[in-house]
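Participant: My questions will all concern the structure given below.
Chains as they are written, first to last, in this note's numbering: chain A, 20 to 756; chain D, 617 to 945.
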């Protein structure tokens with residue numbers, strides 16, 4: 020039991036309702052597309068209809084003459100702008116409209132601004148381009164494609180895989196493929212840009228406002244302090260909002276050139292080409308093991324699709340280096356540049372795909388060995404990080420298996436394929452392990468207590484539906500000893516203290532630690548004021564020996580000797596007191612621990628009508644070690660949402676590219692299928708484990724781990740049901756006929 | 617969306633007259649196809665004639681048939697008592713179509729006239745589409761086809777007619793009532809549609825300025841059993857990859873009467889006369905059903921992406937024949 024655990028108070032962990040819930044359900048929460056400013060004009064994008072080549076000539080005359088049109092930007096008249104920063108995700112996207120080169124179908128080639136959105140859209144259809152088209156590379160495995168080798172420096176090699184493979188009693192090789200997926204948040208991405216002189220204010224659909232601020236400042240060569248990015252609400256992100264996309268720069272560019280505020284709302288089809296997608300890939304697995312299931316070799320290589328320009332962080336194979344105890348490991352990731360729109364992180368980036376291959380291969384190995392799949396995983400469990408030999412900061416994976424198997428009724432499984440049936444339906448049970456690696460970036464927060472004893476805590480974070488507003492208010496209320504309704508947490512403004520992205524399952528931990536730090540410092544400031552006052556009951560009390568209860572600071576265990584925030588401020592004639600806090604990612608070597616990230620075990624029952632190829636998910640049990648859970652309700656929602664995304668990825672989601680033109684052939688919600696309610700059964704979610712020992716708040720982040728493992732658990736259940744091993748996602752009905 | 621004129625017609629004759637005046641005008645009913653296509657820039661009618669106020673909403677029993685006004689909604693028809701009691705196949709086909717929100721908007725006349733969901737047709741930036749631009753080719757037949765047609769299809773066009781309801785209605789020999797500028801006429805639904813290999817650009821026999829006013833559905837005999845099976849990846853809210861509307865009259869294990877419609881496979885709602893021919897007078901066995909299913913798909917025309925639909929449609933039909941007949945052996 021850690022010190023964090025012993026300090027736990029009832030407010031944190033409780034499934035309190037979202038503090039922003041009433042605004043959301045009454046429709047008063049303003050999403051980016053809801054904002055307007057006086058005098059604004061509307062933008063519409065014109066996109067390339069070829070995938071490779073160059074623009075010979077743009078025809079904009081008809082659009083310029085169309086009703087309501089204010090201006091048309093193309094590469095021929097657009098001002099040159101700078102490129103944004105290099106971030107943890109890599110270099111920023113290339114600037115829009117900078118030359119005549121076309122690298123993918125749907126590339127923005129013109130931006131039309133008009134008085135109404137309808138006029139802008141109609142005029143955009145009038146813009147024509149003459150192209151000099153070249154043959155696009157559209158197949159990931161086209162031998163002509165340029166390969167980026169080890170693009171993130173994360174390739175692994177340990178032990179002697181060749182020798183171990185030669186000596187392994189059991190070997191297995193298999194190839195797995197995964198499709199392109201599109202994030203498709205419900206909220207269409209929107210940008211509203213307004214200039215006042217050289218000062219720029221932007222409402223944008225972003226998961227990272229401070230990065231958008233920096234990108235805009237660099238694009239237009241103005242100080243960062245002259246740019247303000249506002250994102251109070253986001254209608255879903257799933258990773259699509261992690262970059263300052265070309266359309267964001269274009270909107271600000273048009274507003275500057277035309278001296279009008281400009282608003283752009285992407286269309287649903289444009290959401291498929293403008294804000295990234297999960298890249299497709301091929302993975303080659305080679306596994307060697309002893310007859311009794313001890314892993315000797317894991318050789319995991321991938322080839323991942325990438326656009327001709329720009330970059331994407333997506334190391335499919337990397338987690339295979341530390342998922343299990345295995346002495347001989349190779350992981351290698353390669354990216355192939357082809358003529359597609361740039362991919363980007365989508366919920367559980369890299370793990371969604373890599374874990375599908377690894378956990379499918381382990382199921383295949385279990386069948387080869389005649390061993391229970393859970394037993395195989397237990398046998399290769401590791402409590403230390405195989406990369407550095409350090410113990411994990413928290414890993415309750417064994418408990419995940421045990422609790423999951425029990426709740427699911429795994430022991431009722433007859434392991435023989437096609438052995439379980441219900442009428443026309445073959446029944447299958449499958450399972451998989453899941454992890455999502457620890458991730459954090461530096462984060463800052465500011466806490467203020469006002470004269471009436473209420474608190475405002477702020478950071479330039481976003482709440483993409485995860486519950487950031489709520490859990491940070493809970494944390495601050497706990498640290499400050501205030502009831503929840505006396506604490507407001509505010510976010511979504513780049514003028515606030517710098518926050519990390521809402522991504523990588525990192526925000527709750529990193530921001531939570533910054534909020535924790537800010538609140539502790541604020542309490543200390545109050546205590547120091549009181550300590551120096553002759554009249555204060557806290558006079559002489561060491562600042563480290565206090566706690567806060569009900570808006571009062573008092574010596575530990577002596578609430579009767581306390582003094583309230585209100586009294587301290589009044590005595591010192593202060594209207595408020597503020598403190599800043601920050602957090603940085605812990606360093607494993609300093610901690611003596613490897614940061615664990617979240618773990619989980621997924622158990623799935625499927626039904627397959629083998630004659631018709633129908634596949635339905637009947638039950639899912641997810642047991643998650645998410646460290647300390649700040650809010651049972653929002654955390655559960657995260658796992659449920661991830662599971663639904665996992666079902667969609669496994670059964671339906673496939674961004675289809677026309678093989679000749681590179682046009683996305685299913686860029687609508689009628690054609691790109693996501694899971695609907697009828698596809699989602701009752702989802703059992705259980706949290707296990709202890710607060711993580713590596714950080715002050717003990718959280719791990721649960722945004723991603725809910726999706727990881729669903730695909731292989733389903734595929735493994737399909738094998739159990741049908742005897743068919745499906746190594747390709749999505750598993751559509753034609754694969755099962 | 618391009619600017620257009622909007623006119624609201626108050627009676628059927630006026631609507632027809634307004635249509636006749638403008639060869640480029642279109643009708644607006646539920647709007648679930650028309651407005652989509654206008655937003656996508658596929659259709660750009662200069663004038664929309666709103667027909668939703670016309671007195672064509674009623675559903676009533678007339679003798680041995682159900683008379684359905686063209687403006688009745690899908691949800692209204694599904695909730696009709698006669699449909700529930702006598703036309704289970706119609707009810708099932710309706711309730712497995714679209715979503716409840718769409719069914720509350722979409723009309724029966726509009727459902728019959730719905731345009732294909734082919735994404736090559738629906739994206740005007742694709743130059744090759746014989747349906748949009750006769751003679752330009754078919755990008756879908758060369759491209760990423762999956763939900764496309766295999767019956768009535770050819771390299772000229774593989775656009776699927778995606779209606780579920782129409783599949784049940786062709787099997788039931790429904791009749792379309794049409795009002796034109798000069799006269800009214802009726803056309804059996806089985807003769808209403810044209811296949812894409814005949815004329816990709818023209819999908820039915822309706823002339824401009826003709827309006828569907830009603831659909832007449834003959835009620836099957838009390839001895840008939842029927843059902844509609846829709847097969848798709850998603851459990852709800854997806855067009856059929858294959859579907860089968862089956863009506864059987866059985867007597868002592870023999871099939872006295874058989875009606876078969878196939879969906880998800882045809883460039884028009886497909887009446888499988890070949891299957892009916894095999895079934896009628898034969899004994900109700902799985903072997904008969906398989907033979908009937910093979911007969912229906914004999915002339916299928918596939919591309920790599922649609923090849924799976926041939927076995928899928930066969931199995932779908934066999935399954936529904938088994939379900940309706942309660943014969944699994």
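C-beta atoms are modelled at their ideal positions from N, C-alpha and C, and glycine is treated no differently.
This structure is a prediction, so every number in the text was calculated from the model and none was measured.
What is the DSSP secondary structure of residue 26(A), counted as helix, strand or coil?
Facilitator: Because the pLDDT at residue 26(A) is just 39, under 50, the model does not fix this residue reliably, and the value given afterwards should be weighed accordingly. Looking at residue 26(A) - three-state DSSP - the assignment turns out to be coil, as it is neither helix nor strand.
Participant: For residue 635(A), return the contacting residues in chain D, with the cut-off set at a CB-CB distance below 9 angstroms.
Facilitator: Going along chain D in sequence order, the residues near residue 635(A) (Cβ under 9 angstroms) are 851.
Participant: Who does residue 147(A) pair with in a DSSP beta bridge?
Facilitator: According to DSSP, residue 147(A) bridges with 78(A).
Participant: For a contact meaning CB atoms closer than 7 angstroms, what does residue 684(A) contact in chain D?
Facilitator: Within chain D, the residues near residue 684(A) are 735, 759, 760.
Participant: Would you identify the three-state DSSP class for residue 754(D), choosing helix, strand or coil?
Facilitator: Residue 754(D): strand per DSSP, three-state reduction.
Participant: On the three-state DSSP scale, how would you describe residue 488(A)?
Facilitator: Correct three-state label for residue 488(A): helix.
Participant: Can you find a CB in chain A that lies within less than 9 angstroms of the CB of residue 854(D)?
Facilitator: Yes, contact with chain A.
Participant: For residue 743(D) and residue 212(A), what's the separation of their Cα atoms in angstroms?
Facilitator: Rounded to the nearest angstrom, the two C-alpha atoms are 35 angstroms apart.
Participant: Buried or exposed: residue 22(A), going by 16 or more other Cβ atoms within 10 Å of its Cβ?
Facilitator: Only weak support exists for where residue 22(A) lies, its pLDDT of 32 falling under 50; the value from the coordinates is given anyway. The residue is exposed, with fewer than 16 neighbouring Cβ atoms inside 10 Å.
Participant: Chain D partners of residue 148(A), CB-CB under 7 angstroms?
Facilitator: Result: empty, since nearest Cβ-Cβ is about 11 angstroms, beyond 7 angstroms.
Participant: Any chance the stretch 801-811 of chain D sits against the stretch 902-918 of chain D, with 3 or more Cβ pairs inside 8 angstroms?
Facilitator: No, the stretch 801-811 of chain D is not in contact with the stretch 902-918 of chain D.
Participant: Name the chain D residues whose beta carbon is nearer than 9 angstroms to that of residue 631(A)?
Facilitator: Those within 9 angstroms of residue 631(A) in chain D are 845, 847, 858, 928, 931, 932, 935.
Participant: Can you tell me the Cβ-Cβ gap for residue 291(A) and residue 686(A), rounded? I've got them flagged as a contact below 8 angstroms.
Facilitator: Confirmed, Cβ separation roughly 4 angstroms.
Participant: Considering just the uninterrupted stretch of the beta strand (DSSP E) at residue 302(A), what are its terminal residues?
Facilitator: Taken as a continuous stretch (DSSP letters only), the beta strand (DSSP E) holding residue 302(A) covers 300-308.
Participant: Can you tell me which of the three DSSP states residue 727(D) falls into?
Facilitator: Note: residue 727(D) maps to helix in three-state DSSP.
Participant: In whole angstroms, what is the alpha-carbon distance linking residue 741(A) and residue 628(A)?
Facilitator: Straight-line Cα distance between these residues: approximately 9 angstroms.
Participant: Closer than 9 angstroms, CB to CB, is residue 121(A) near chain D or not?
Facilitator: Chain D contact via Cβ: absent.
Participant: What would DSSP say about residue 655(D), mapped onto helix, strand or coil?
Facilitator: In the structure shown, residue 655(D) sits in a helix (DSSP, three-state: H, G or I).
Participant: Give a single yes or no on whether residue 459(A) has its beta carbon closer than 8 angstroms to a heavy atom of the ligand SAH.
Facilitator: Summarising the ligand content, the structure contains no ligands, and the ligand SAH is consequently not present.
Participant: Determine the DSSP secondary structure at residue 858(D), reduced to helix, strand or coil.
Facilitator: Here residue 858(D) sits in strand by DSSP.
Participant: Give every residue of the same chain whose Cβ lies closer than 6 angstroms to the Cβ of residue 744(A), excluding the five residues on either side of it in the sequence, and list them in chain order.
Facilitator: Same-chain partners within the cutoff: 738.
Participant: Using a cut-off of 7 angstroms between C-beta atoms, extract the partners of residue 924(D) located in chain A.
Facilitator: By Cβ distance, chain A contributes 753, 756.
Participant: Report yes if the CB atom of residue 148(A) is closer than 9 angstroms to the CB atom of residue 76(A), and no otherwise.
Facilitator: In contact: residue 148(A) and residue 76(A) (Cβ atoms closer than 9 angstroms).
Participant: Whole angstroms are fine: how far does the CA of residue 405(A) sit from the CA of residue 426(A)?
Facilitator: Taking the straight line from one Cα to the other gives about 30 angstroms.
Participant: What runs of the beta strand (DSSP E), each 3 residues or longer, lie entirely inside the stretch 232-279 of chain A?
Facilitator: The qualifying runs are 246-249.
Participant: Just by C-beta distance, which residues in the stretch 649-663 of chain D are closer than 7 angstroms to chain A?
Facilitator: The residues in question are 657.
Participant: Which first and last residues belong to the alpha helix (DSSP H) in which residue 584(A) is found?
Facilitator: Taken as a continuous stretch (DSSP letters only), the alpha helix (DSSP H) holding residue 584(A) covers 584-590.
Participant: Opposite residue 626(A) in the DSSP bridges: which residues?
Facilitator: Its beta-bridge partners are 446(A), 635(A).
Participant: Return the first residue and the last residue of the beta strand (DSSP E) that residue 832(D) is part of.
Facilitator: First-last of the beta strand (DSSP E) with residue 832(D): 827-834.
Participant: Residue 590(A): which of 619(A), 556(A), 623(A) sits nearest, CA to CA?
Facilitator: It is 556(A).
Participant: For residue 281(A), which option in 51(A), 226(A), 400(A) has the closest C-alpha, if you only look at C-alpha atoms?
Facilitator: When only C-alpha atoms are compared, the closest one is 51(A).
Participant: With distances taken from CA atoms, which of 120(A), 309(A), 220(A) is nearest residue 387(A)?
Facilitator: Nearest option by C-alpha distance: 309(A).
Participant: Could you tell me whether the stretch 640-655 of chain A touches the stretch 705-712 of chain A, where touching means 3 or more Cβ pairs closer than 8 angstroms?
Facilitator: A contact exists between the stretch 640-655 of chain A and the stretch 705-712 of chain A.
Participant: Using a threshold of 9 angstroms, state whether the C-beta atoms of residue 781(D) and residue 728(D) are closer than that.
Facilitator: Yes, the Cβ-Cβ distance between residue 781(D) and residue 728(D) is below 9 angstroms.
Participant: DSSP on residue 173(A), reduced to helix/strand/coil?
Facilitator: Note: residue 173(A) maps to coil in three-state DSSP.
Participant: Ordered along the chain, which non-local residues of its own chain (more than five positions away) have a Cβ less than 6 angstroms from that of residue 318(A)?
Facilitator: Closer than 6 angstroms at Cβ, skipping near neighbours: 180, 305, 349.
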